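Residue numbers (full-length UniProt numbering): 1 to 92.
This is the structure we're talking about:
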């Protein structure tokens with residue numbers, strides 16, 4: 001699977017992960033980015049089958065959580081705040 005993501009904000013700032021709701025993409029968070037990047041490094045990603053992220057078969061809630069952990073590991077992020085809406089909130 002190819003997990004599409006975007007990282008904005010100052011290096012060294014605390015990281016906040018934003019997880020989109022069902023039927024949306026990471027673009028849903030765009031109106032909040034200016035305010036959040038004043039304080040955080042903001043990591044947005046498209047969940048399975050949304051936006052530019054591919055879908056591999058049946059997706060479980062556990063898999064959605066594992067995807068976030070794998071992305072954080074890939075980016076060498078040890079600690080992050082998490083904010084999600086709807087399905088994104090369940091993922092958190």
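Glycine included, every Cβ here is placed at the ideal spot set by N, Cα and C. Computed from a prediction, not measured in an experiment: that's the story for all the values here.
Between residue 17 and residue 43, the C-beta gap is smaller than 8 Å, which places the two residues in contact. Linking residue 77 to residue 19 through their CA atoms gives a straight-line distance of about 16 Å. Scanning its chain for C-beta atoms nearer than 6 Å, with the 5 sequence neighbours on each side dropped, one finds around residue 28 the residues 20, in chain order. Taken atom to atom, the span from the alpha-carbon of residue 40 to that of residue 57 is near 34 Å. DSSP places residue 59 outside both helix and strand once states are collapsed to three, so it counts as coil. In this structure residue 74 is exposed. Its beta-carbon is surrounded by fewer than 16 other beta-carbon atoms within 10 angstroms. Under the DSSP assignment, residue 84 falls in the beta strand (DSSP E) whose first and last residues are 81–84. Apart from sequence neighbours up to five positions away, the residues of its chain that approach residue 8 with a beta-carbon distance below 7 Å are 33, 37 and 42, ordered along the chain.
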